[in-house]
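Student:
In UniProt numbering, the protein residues as written are 1 to 126.
1. Which residue comes first and which comes last in the beta strand (DSSP E) that contains residue 117?
2. Any idea which residues DSSP pairs residue 60 with across the strands?
3. Can you tell me which of the three DSSP states residue 107 falls into?
4. In this structure, does DSSP put residue 36 in helix, strand or coil?
5. Determine the DSSP secondary structure at residue 27, reduced to helix, strand or coil.
6. Can you tell me the Cα-Cα spacing of residue 67 and residue 100, whole angstroms?
7. Could you give the distance in angstroms between the alpha-carbon of residue 4 and the alpha-carbon of residue 93?
8. How long is the line joining the alpha carbons of residue 47 and residue 103, rounded to whole angstroms?
9. Could you tell me which of 54, 7, 29 sits nearest to residue 74, measuring between CA atoms?
10. When you compare only the Cα positions, how much space is there between residue 72 and residue 111?
11. Across which residues does DSSP place residue 80 in a beta bridge pair?
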């Protein structure tokens, strides 16, 4: 009997560094029409990244100070924000140095979600 190892071909992965959050191609597809995102923290240790649509911007749906710029590249998306990364590092009590964490898109909340506890326990790739 084999125990199959999780592959990464279909996984949505967020790479955490000291200056940016990078979304792999599978995760970035939810953000291709966005120039900005919201980033939030839940009480149970999850991080949510929500795309902000052009319509949201036109309607001023969110306070401008809550918007984070997202850059879409060929096969990835990146949120460059050192202060945000420092905040995440302080929440997990360790520096961000390229940890890759599995994320999942919540269709109901239209938010890409990853668990900070996964960085210390499970769900980290590599």
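From the three backbone atoms N, C-alpha and C, an ideal C-beta is built for every residue, glycine too.
Tutor: If we stick to the structure as given:
1. That residue, residue 117, is in no beta strand (DSSP E); its alpha helix (DSSP H) goes 117-120.
2. According to DSSP, which records beta bridges pairwise, residue 60 is partnered with nothing at all.
3. In this structure, residue 107 counts as coil in the three-state DSSP scheme.
4. The answer is strand: DSSP assigns residue 36 an E or B state.
5. Reduced to three states, the DSSP call for residue 27 is helix.
6. Taking the straight line joining both Cα atoms gives about 23 Å.
7. When rounded, the distance between both Cα atoms is 32 Å.
8. Roughly 9 Å separates the two Cα atoms.
9. Among 54, 7, 29, the Cα nearest to that of residue 74 is on 29.
10. Rounded to whole angstroms, the separation of the alpha carbons of residue 111 and residue 72 is 17 Å.
11. In DSSP, residue 80 forms a bridge with 20.
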